[in-house]
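Going down the list, the sequences are from chains A and B.
For the first sequence, position 71 matches number 363 in the numbering used here, and the numbering has no gaps at all.
For the second sequence, position 54 matches number 346 in the numbering used here, and the numbering has no gaps at all.
2 protein chains.
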Amino acid sequence: MTEHQEKKKFTKHASPDADGSTRPELLYDRNVARPSHAEDARTLTEKMDVATLCTISEKSEGHPYGSFVTYAMHENSPIFLLSQLAEHTKNLNSNSKASLLIAETGSGNPLALSRVTLVGECLEVSKEERDSVKNSFLEAHESASVYADWEDFAFFRLDVQSVRYIGGFGRMSWVNQSKWSSAEPDPLFDNSNDIVTHMNEDHADALLLYCKTMSKATDASDAIMTHIDRYGFEMMATVDSEKKPIRLAFESDVTDSDEARIELVRMVKKARKMLSD
Amino acid sequence: MTEHQEKKKFTKHASPDADGSTRPELLYDRNVARPSHAEDARTLTEKMDVATLCTISEKSEGHPYGSFVTYAMHENSPIFLLSQLAEHTKNLNSNSKASLLIAETGSGNPLALSRVTLVGECLEVSKEERDSVKNSFLEAHESASVYADWEDFAFFRLDVQSVRYIGGFGRMSWVNQSKWSSAEPDPLFDNSNDIVTHMNEDHADALLLYCKTMSKATDASDAIMTHIDRYGFEMMATVDSEKKPIRLAFESDVTDSDEARIELVRMVKKARKMLSD
C-alpha cells in the first residue's frame with residue numbers, strides 16, 4: 293500500500309485536496325523537523341534487544357529460517373553471541389546471507405507499531421575485534437557473561453547493506469547503507485517515556501498552551517504529550533471532541549533530557565508572551 | 293547446546309548422577325505426563341497473533357528477508373492477509389519458500405521463553421478456500437475486515453513441512469510434519485493465567501498440600517502455581533529457602549476450565565485423605 297493510499301483509506305476526517313483526493317487536515321506545519329527514517333530505524337535498533345535472525349536453512353534446502361535472538365548494537369551493526377550448536381549458526385557457517393527483523397512492542401494495533409529489517413552478511417567477528425564486540429554485547433546482556441567465553445559460543449556481526457523501515461501505516465522506505473551508517477539513535481530514547489509522563493502529569497497546562505499558540509488547534513480543550521525526540525515533540529489535542537495530532541519543533545536540536553527541559557520551558561515562556569501580546 | 297550440557301551448566305544445585313555428571317535433583321516424578329513439543333508448539337502458535345515471516349528477498353539477491361506480520365491459525369497452518377505491495381508478498385510471488393518465527397513474550401530472561409519456527413511453502417489460498425480462511429483470519433483480527441476484500445490484498449497460507457520448537461533453555465527439538473498435523477493446542481491456554489492467579493490468590497493452602505503429599509517437597513513452606521495445561525500443573529515450592537519446581541499430573545486429561553477445577557478439587561480431597569491416613 294502506498295503512503296497516499298494509506299492516507300486516503302485510513303483517515304476518517306479529511307478535507308478535499310488540490311488533486312481531488314483527500315488528505316488529513318493537519319493542524320501543524322507539515323514540514324516540521326522530524327527524525328529521518330534512518331534515524332527512527334537506528335533508534336528502534338538501540339531501544340530493543342531481541343529480534344528475529346533470518347538465515348538460509350542448511351537443513352531445509354534453501355528455505356529462509358527465522359530464529360529468536362538477543363542482540364546488541366556495536367557501531368551501527370547488530371552483534372550476536374551464538375552457540376555453534378544452534379540452527380542459525382550452522383546456517384550462517386554455510387551461508388552468511390542474513391537479515392534481522394526488529395519490531396517495536398506495544399499495545400494497540402500491532403501494524404501501527406514500527407519495525408525494521410536490516411539486510412546484510414552475518415559473519416563471526418575477527419579475533420582483533422572480539423573484545424570490543426564482547427564489551428558492547430555484555431553491556432546490553434549482562435547475564436550472558438556466564439557463557440560468553442565458552443568454547444562453543446562465538447560473536448557474530450551483521451554487516452548491514454540495506455535497511456527497510458516501516459514506521460507504521462503508510463510510513464515506510466528503503467534506507468541506503470550510507471544513510472544508515474551515519475544515523476545516530478535519538479539521544480532521548482531512553483528517557484522519552486519519563487519526560488512524556490512527567491509533562492502529562494505535571495504540565496498539562498503547558499501542553500494546552502503550546503497547542504493554542506503554536507499550532508492551528510487554537511480551540512483545543514485538552515492536550516496530552518505522546519512522543520518526544522531530539523527535534524521536537526508530539527501531542528494529541530482534543531478539538532471539538534475530536535483527537536488531532538500536533539507536532540512542534542524545538543528551536544535547536546536537543547542532546548539530552550536537560551536540554552529538552554530547557555527547550556520546553558523556553559517554549560512555555562514564548563507561548564505566554566504570545567498570549568499576552 | 294545439548295539438553296545434557298544445559299542441565300549441567302545452568303543448574304546451581306545439583307546432585308551427583310549415576311554417570312558421575314550432575315543433574316538437578318527433581319522433587320517430582322521425572323516421567324510425569326506433560327505436553328509434547330508438538331503440542332507446546334501448537335499451543336504457542338494459537339496463543340500469539342504476531343510473528344516474523346521469513347521469505348527469500350527478490351531485491352537483495354538471495355538474502356533471507358524478515359518482516360513483521362499478523363497471522364491466524366487455520367487447520368494447523370498459519371494464514372496471512374498480505375498487501376500485494378509489501379516486500380514479503382513480492383518475495384513470495386517469486387519464491388514460495390518461507391518460515392514463520394513465533395516467539396512468546398514475557399518478562400525475565402528472553403532466552404528462557406518459548407519460540408517456534410514453522411518451515412514450509414507459503415502460497416496464496418485458492419478461491420475455493422478463501423471464505424473459510426478469511427473467517428479464521430477475521431476471527432483473530434477483526435479490524436482487518438476493513439481491507440480484507442481490497443483488490444490489492446490476498447490471503448496466504450504457510451503449508452508447514454517441518455517445525456523447530458525451543459521451549460527455553462535445553463528444551464528443543466525438530467517436530468515432524470505428522471506430529472505437527474495431529475497436535476492440538478492446549479484447551480486451557482486461554483484461561484490458564486486466570487486459573488493460576490485464582491489458585492495463588494485463593495487456594496495457597498491447597499498448593500502447599502499438593503506439594504507436601506504428592507511430591508518429595510514434604511517440607512515445603514510455601515508453593516505458588518506457575519503453569520497449568522491439559523495434563524497437569526506446575527508449582528514453585530520453597531524448601532529450605534530454595535525454590536524447587538514441582539509438576540503433578542491430573543488423573544485424566546482435562547478439556548476445559550471446569551474439568552480442571554474438578555481435578556484440582558479431587559486432588560485436594562485426596563491430599564487431605566493422605567494426610568489424615
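By construction, the Cβ of each residue, glycine as well, lies at the ideal position given by its N, Cα and C atoms.
Small disclaimer: the values here were computed from a predicted structure and weren't measured.
Around V342 (chain B), the beta-carbon contacts reaching into chain A at under 8 Å are A395 and P402.
Boundaries of the beta strand (DSSP E) around Q453 (chain A): F445 to I458.
Along the length of the region 465 to 536 of chain A, whole alpha helix (DSSP H) runs at least 4 residues long occupy 469 to 474, 484 to 494 and 496 to 506, reported in chain order. At a cut-off of 7 Å between beta carbons, S437 (chain A) makes no contact with chain B. Here the alpha carbons of T505 (chain A) and M566 (chain A) stand approximately 7 Å from one another. Any Cβ of chain A closer than 7 Å to the Cβ of G462 (chain B) would place that residue at the interface, and such an atom is absent. V417 (chain B) and F448 (chain A) have their alpha carbons spaced roughly 38 Å apart.
DSSP lists A:S369 as the bridge partner or partners of H366 (chain A). Around the beta carbon of I554 (chain B), a 10 Å sphere encloses fewer than 16 other beta carbons of the protein chains shown; the residue is thus reported as exposed. Excluding the 5 residues flanking it on each side, F481 (chain B) has same chain C-beta neighbours closer than 7 Å at T335, E338 and K339, in chain order. Considering only B:Y357, B:H366 and B:E350, the residue with the shortest C-alpha distance to K382 (chain B) is B:E350. Following the DSSP letters along the chain, one finds E331 (chain A) inside the alpha helix (DSSP H) bounded by residues H329 to K339.
Under the DSSP assignment, E421 (chain A) falls in the alpha helix (DSSP H) whose first and last residues are K419 to A432. Taking a C-beta distance under 7 Å as the contact criterion, A343 (chain B) and L392 (chain B) qualify as a contact pair. The three-state secondary structure of S359 (chain A), taken from DSSP, is strand. Interface annotation, F447 (chain A): not in contact with chain B, CB-CB separation never under 7 Å. Taking all protein chains shown into account, R456 (chain A) has 16 or more neighbouring C-beta atoms within 10 Å of its C-beta and is therefore buried. With the criterion set as a beta carbon lying under 7 Å from some beta carbon of chain A, the members of the region 407 to 429 of chain B are R407, T409 and V411, in sequence order. Contact between H355 (chain B) and G459 (chain B) does not hold, since their C-beta atoms are separated by about 29 Å, which reaches or exceeds 8 Å. By the 16-neighbour rule on beta-carbons within 10 angstroms, D321 (chain A) is exposed. Assignment of S568 (chain A) by DSSP, reduced to helix, strand and coil, places it in the helix class. For S391 (chain A), the uninterrupted beta strand (DSSP E) run begins and ends at K389 to A395, by DSSP.
In this chain, the beta strand (DSSP E) harbouring T409 (chain B) covers R407 to E416. The criterion of a C-beta distance shorter than 7 Å is not satisfied by L499 (chain B) and A509 (chain B). The C-beta distance from D332 (chain A) to S406 (chain A) rounds to 7 Å, short enough to fall under 8 Å.
One thing to note: A563 (chain A) has its Cβ within 7 Å of the Cβ of Y502 (chain A). For the region 366 to 383 of chain A, the residues whose beta carbon sits under 7 Å from a beta carbon of chain B are, in order, S375, L377 and E379. Listed along chain B are L393, A395 and R407, each with a C-beta nearer than 7 Å to that of F360 (chain A). Excluding residues up to 5 positions away in sequence, A330, E331 and R334 lie with their Cβ nearer than 6 Å to the Cβ of A475 (chain A) in the same chain. For L384 (chain A), there is no enclosing beta strand (DSSP E); the residue is found in the alpha helix (DSSP H) stretching over E379 to S386. Around T347 (chain A), the beta-carbon contacts reaching into chain B at under 7 Å are P356. Within chain A, G354, H355 and P356 have C-beta atoms less than 7 Å from the C-beta of K389 (chain B), given in sequence order.
The beta-carbon separation of G412 (chain A) and A378 (chain A), rounded to 19 Å, does not stay under the 8 Å limit for a contact. Nearest neighbour of Y357 (chain B) by Cα position, chosen from A:A446, A:D441, A:Q453 and A:D494, turns out to be A:Q453. Only exposed fits T547 (chain B), as fewer than 16 other CB atoms lie within 10 angstroms of its CB.
Within the model, the alpha-carbon separation for E443 (chain A) versus V408 (chain B) is close to 26 Å.
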